[in-house]
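For the sequence shown, the numbering used here assigns the number 2 to the initial residue and increments by one for each residue that follows.
Heads up, the beta-carbon is just placed ideally off N, CA and C, and yes, glycines get one too.
Please read all numbers here as calculations on a predicted model, not as lab measurements.
Comments concern the structure below.
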Amino acid sequence: AKSRDAQLSALAQLGCKVQALEVMRAAAGTPEMKAAIAEADVIVVSGGNTLWAVDRWNSLGLPGMLREAMLRGAVLAGGSAGAICWFDGGHSDSMDPHTYLATPY
Numbered sequence: 002a003k004s005r006d007a008q009l010s011a012l013a014q015l016g017c018k019v020q021a022l023e024v025m026r027a028a029a030g031t032p033e034m035k036a037a038i039a040e041a042d043v044i045v046v047s048g049g050n051t052l053w054a055v056d057r058w059n060s061l062g063l064p065g066m067l068r069e070a071m072l073r074g075a076v077l078a079g080g081s082a083g084a085i086c087w088f089d090g091g092h093s094d095s096m097d098p099h100t101y102l103a104t105p106y
């Protein structure tokens, strides 16, 4: 959360309108989530456990919303797991049972 807060603060200081989506606690397909993604020019994903994040995205229906954002020209970015999640594969320690099972969400 500290690194995400630092990212949000830095972007806000540059004059960006920033809205954080708490996908780990969100309900699937909420109107607020759909609207935020539909209106975003840039979508930045924080790091964490890649497999858990992608699994959570699927349960929320995010892949379709993110694909629509990409097709309309939104920039998709992230760091660490937030960078890997955009691809079909990548190097990650997400299958380590100690990190996946310890995800507190």
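CB of LEU67 within 8 Å of CB of LEU77, strictly
Position 66 of the sequence shown, counting from 1, holds the residue named residue 67. Position 76 of the sequence shown, counting from 1, holds the residue named residue 77. Against a cut-off of 8 Å, the Cβ pair of LEU77 and LEU67 comes out as a contact.
Chain-order list of residues whose beta-carbon lies under 6 Å from that of ILE38 (same chain, five-residue window excluded)
Residue mapping note: residue 38 aligns to position 37 of the sequence shown, counting from 1. Same-chain partners within the cutoff: MET66, ALA70.
If you reduce the DSSP assignment to three classes, tell me which class VAL55 lands in.
Translated into the one-based positions of the sequence shown, residue 55 becomes position 54. Note: VAL55 maps to helix in three-state DSSP.
Cβ neighbours of GLY30 in the same chain (closer than 6 Å, five flanking residues each side left out):
One-based indexing of the sequence shown puts residue 30 at position 29. Around GLY30: GLY62.
Report, in whole angstroms, the separation of the C-beta atoms of ASP114 and ALA13, which I expect to be a contact under 8 Å.
Residue numbering for the chain in the displayed model covers 2 to 106; residue 114 lies beyond these limits and cannot be assessed.
Suppose only complete runs of 4+ residues qualify. What are the alpha helix (DSSP H) ranges in the stretch 2-69, listed by chain order?
The qualifying runs are 3-14, 32-40, 51-61.
At what residues does the alpha helix (DSSP H) containing ALA78 begin and finish?
Translated into positions along the sequence shown, residue 78 becomes position 77. Where ALA78 is concerned, there is no enclosing alpha helix (DSSP H), although the beta strand (DSSP E) it sits in stretches over 76-79.
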